[in-house]
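Colleague:
Structural data, given as structure tokens:
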């Protein structure tokens, strides 16, 4: 029953979509990291019932909100957390900014791995802290951490922001990597914020581990940021949970939320969340992952056949693929001209993830297969003109 929904074409034009509503309605965007696959029927039906009431008043979190979240962590990730450590926050980026604003000082240094999801890096800079980027090592189509460089940055930093799984590369950090990061954090007394919004999208035989689960210091000196937003395509409802084991940090963060005027969730947030984090939700996610795994395989086959100069990063996480096109010897401006002006498709451009992203682009494959087929048909048809501007 769900496969039909995964393949269902839904126009997002005239919906104020940040992804689809641009100046050229013919452009197919595989850029912004939300899905073109609808939320599951059991969530839609629940929201429809709430919508029919016709009163959109203030809402509160449900009495079982924390327990529902804790149960999801336990069943999906084998991660046991006390329910009282979970704090609602509408968006992960808000939690990151509130930490930077209230737990660090002007001019403090904050480290990230690069390439990196731009809003996270930007949150450091717009809050007038100094961003230190530790470039990942790119070798044979894989990414790995340069721990010597990371240690040099940790010596100077008060905070480290981790993306786990990593965005844009899709890397799922091995437990050994997380242990090394945790040991460095403990050695230099660095606080860790981990954005784990893609934790439900782990493929092949990889395993997701929250970094707070591997080290007691990190457990007590971290914010682990989670959300059903990517998993169930609910980003517009603004639902996130921040796991803060340290009671002192947790209470301070709660006061920061109050001071920022963040309190009641949106009207549809609670019913959507309670429907998502259920056994039915687990089953739906399992079927969605099978569909996305097929999309991943299909895209890789198309790239190998028609674009042999592209190198798809070997990854096991997220519903994006990070592709190296450097062998084509095109500039990013030439790539954009080919994709947007000639083929009328849009990706996330590599330089938007930092200087080390030059020569790469990110493609969102969480979309009906027919859209992917149209995109690749356009790219193949216009390939002979790719280097012309």
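Numbering (full-length UniProt numbering), first residue to last: 1 to 389.
Where is the CB? At the ideal position from N, CA and C, for every residue including glycine.
Count the other CB atoms within 10 Å of the CB of residue 277; is the residue buried (16 or more) or exposed (fewer)?
Modeller: Burial call: buried.
Colleague: If I follow the unbroken alpha helix (DSSP H) through residue 148, where does it start and stop?
Modeller: Here the alpha helix (DSSP H) through residue 148 covers 147 to 154.
Colleague: Using three-state DSSP, classify residue 391 as helix, strand or coil.
Modeller: Here the chain comprises residues numbered 1 to 389, so residue 391 is not present and cannot be evaluated.
Colleague: Excluding five sequence neighbours on each side, which residues of the same chain lie with their C-beta closer than 7 Å to the C-beta of residue 118?
Modeller: Once the five neighbours on either side are set aside, the close Cβ partners of residue 118 are 352, 353.
Colleague: Do you know whose CA, among 323, 183, 96, lies nearest residue 363's CA?
Modeller: That would be 323, whose Cα lies nearest to the Cα of residue 363.
Colleague: Starting from residue 246, follow the beta strand (DSSP E) in both directions and report where the run begins and ends.
Modeller: No beta strand (DSSP E) holds residue 246; DSSP gives it neither H nor E.
Colleague: Mind checking which residues open and close the beta strand (DSSP E) that includes residue 195?
Modeller: 191 to 195 is the span of the beta strand (DSSP E), which, as asked, contains residue 195.
Colleague: Pull up the distance between the alpha-carbon of residue 376 and that of residue 154, whole angstroms please.
Modeller: Each residue's alpha carbon lies about 43 Å from the other.
Colleague: Helix, strand or coil: how does DSSP classify residue 384 here?
Modeller: Looking at residue 384 - three-state DSSP - the assignment turns out to be helix.
Colleague: Tell me the DSSP bridge mates of residue 240?
Modeller: BP columns for residue 240 point to 89.
Colleague: Does DSSP put residue 9 in a helix, a strand or coil?
Modeller: Coil at residue 9, not helix or strand.
Colleague: Run the CB neighbour count on residue 275, radius 10 Å, all protein chains shown included, and call it buried at 16 or more, exposed below.
Modeller: Flag for residue 275 reads buried.
Colleague: Work out the CA separation of residue 301 and residue 381 for me, nearest whole Å.
Modeller: Cα to Cα, the separation comes out at about 17 Å.
Colleague: Based on Cα-Cα distance, which residue from 43, 245, 227 lies nearest to residue 280?
Modeller: Among 43, 245, 227, the Cα nearest to that of residue 280 belongs to 43.
Colleague: Do you know offhand how far residue 98's Cα is from residue 167's?
Modeller: Distance between the alpha carbons of residue 98 and residue 167 is about 21 Å.
Colleague: Is the distance from the Cβ of residue 123 to the Cβ of residue 93 below 8 Å?
Modeller: The answer is yes: Cβ separation under 8 Å.
Colleague: Compute the minimum distance between the beta carbon of residue 160 and the heavy atoms of the ligand PLP, and state whether it is under 7 Å.
Modeller: This structure does not include the ligand PLP; it has no bound ligands of any sort.
Colleague: Could you tell me the distance, in whole angstroms, from the CA atom of residue 136 to the CA atom of residue 145?
Modeller: Using only the alpha carbons, I get a separation of about 5 Å.
Colleague: Determine, using beta carbons only, whether residue 365 and residue 270 come nearer to each other than 8 Å.
Modeller: The answer is no: Cβ separation not under 8 Å.
Colleague: Could you tell me the alpha carbon to alpha carbon distance between residue 19 and residue 105, rounded to whole angstroms?
Modeller: Cα to Cα, the separation comes out at about 35 Å.
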